[in-house]
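Here is the structure we will look at, set down as structure tokens.
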Amino acid sequence: MTSGQPPLIAVVGCDGSGKSTVTTILRDWMAQERRTALCHLGKQTGNIGRRIARLPFMGKRLDKTIHEKAQVAKTKGGPGILTALVIYAFSMRRVRRFRRMLALRRQGYAIVADRFPQMAVPGPMDGMALADVELRNAVVRFLSRREQAQYRWMTAHRPDLVIRLNVSLETALARKPDHRPSSLARKVADVPRLSFQGAPIVDIDAQRPLPEVLEEAKRAVRAVLDARDGAPQPR
Numbered sequence: 058m059t060s061g062q063p064p065l066i067a068v069v070g071c072d073g074s075g076k077s078t079v080t081t082i083l084r085d086w087m088a089q090e091r092r093t094a095l096c097h098l099g100k101q102t103g104n105i106g107r108r109i110a111r112l113p114f115m116g117k118r119l120d121k122t123i124h125e126k127a128q129v130a131k132t133k134g135g136p137g138i139l140t141a142l143v144i145y146a147f148s149m150r151r152v153r154r155f156r157r158m159l160a161l162r163r164q165g166y167a168i169v170a171d172r173f174p175q176m177a178v179p180g181p182m183d184g185m186a187l188a189d190v191e192l193r194n195a196v197v198r199f200l201s202r203r204e205q206a207q208y209r210w211m212t213a214h215r216p217d218l219v220i221r222l223n224v225s226l227e228t229a230l231a232r233k234p235d236h237r238p239s240s241l242a243r244k245v246a247d248v249p250r251l252s253f254q255g256a257p258i259v260d261i262d263a264q265r266p267l268p269e270v271l272e273e274a275k276r277a278v279r280a281v282l283d284a285r286d287g288a289p290q291p292r
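Quick note: the sequence shown, position 228, residue 285 per the working numbering, numbers continuous.
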């Protein structure tokens, strides 16, 4: 546990695993005895894709075209400069959110994080976006190195506990029918592979009823809080 710092609890999982619900309830529960903030540490690029898909007339076709071009770029020397700049900008959005989270923690707030950056698995599950393709362009390689440096800095801040919510692809699709199946399939496969610099990880079957998921999550968090040896912070 990070000495002298309020607890940092990260909740990770595929879309449809219940991260938003679990993190909100955990924040409210922890806030009964200590100052607690909920921080979203994702890039939320998927939200933009879904907004494009919902546009009238051409939305779904445009979203499909963008996705197909992105997949082709991975097999042809990586993304172009403009695409890489957009990808890098979204990564910096996560960095800004991470800095705000650290500022709250320095102010004495316990943190419940919805998502958390990681370097074990490149790609959409909170990993580096410019690391899993062959980069032939010098500018893109520079952006990739900068992204990697930022992720090394973020992941050096190890959570006190990671709650990993696991669901099947069928469950994820049922809960998120507007998401691209291929994207969900990759995320479902990546979740069990995530690691966070040796941080304690509790795996929870998030396909169970919500009260059971919350009970197990609260039990894991309570163990972390009790291990801190001190009176709860005043609200």
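Cβ atoms here follow ideal geometry from the backbone N, Cα and C, with glycine treated the same way.
Minimum C-alpha distance to residue 165 - residue among 281, 63, 268: 63
Over what stretch of residues does the alpha helix (DSSP H) that includes residue 141 continue unbroken? 138-163
When the Cα atoms are used, what is the spatial distance from residue 273 to residue 261? 7 Å
Who are the near neighbours of residue 348 in its chain, counting only those whose CB is closer than 6 Å to its CB and skipping five residues on each side? Residue 348 lies beyond the residue range present for the chain, which begins at 58 and ends at 292; the question has no answer from this structure.
Looking at the secondary structure, which residues open and close the alpha helix (DSSP H) in which residue 193 lies? Here residue 193 belongs to no alpha helix (DSSP H), and DSSP marks it neither H nor E.
Using the beta-carbon count (16 or more within 10 Å), is residue 254 buried or exposed? That one is exposed.
Enclosing alpha helix (DSSP H) for residue 85 [first to last residue]: 76-87
Helix, strand or coil for residue 213 per DSSP? coil
Within its chain, find whatever has a CB closer than 8 Å to the CB of residue 229; leave out the 5 residues flanking it on each side and keep chain order. 71, 72, 73, 74, 236, 241, 244, 245
According to the Cβ coordinates, are residue 168 and residue 66 closer than 9 Å? yes
Return the chain-ordered list of same chain residues with a C-beta closer than 6 Å to the C-beta of residue 126, the five sequence neighbours on each side being excluded. With a pLDDT of 49 at residue 126, under the threshold of 50, the modelled position of that residue is not reliable, and the figure given next carries that caveat. There are no such residues.
Going by beta-carbon coordinates alone, are residue 95 and residue 78 separated by less than 9 Å? no
Cβ-Cβ separation, residue 219 to residue 256 (assumed contact under 8 Å), whole Å: Contact check for residue 256 and residue 219: beta-carbon distance about 5 Å, within the 8 Å limit, so the pair qualifies.
Nearest CA to the CA of residue 213: which residue from 152, 200, 270, 267? 152
Boundaries (first-last residue) of the alpha helix (DSSP H) holding residue 283: 267-283
Classification of residue 89 by the beta-carbon crowding that lies within 10 angstroms, buried from 16 upward: With fewer than 16 other Cβ atoms within 10 Å, it is exposed.
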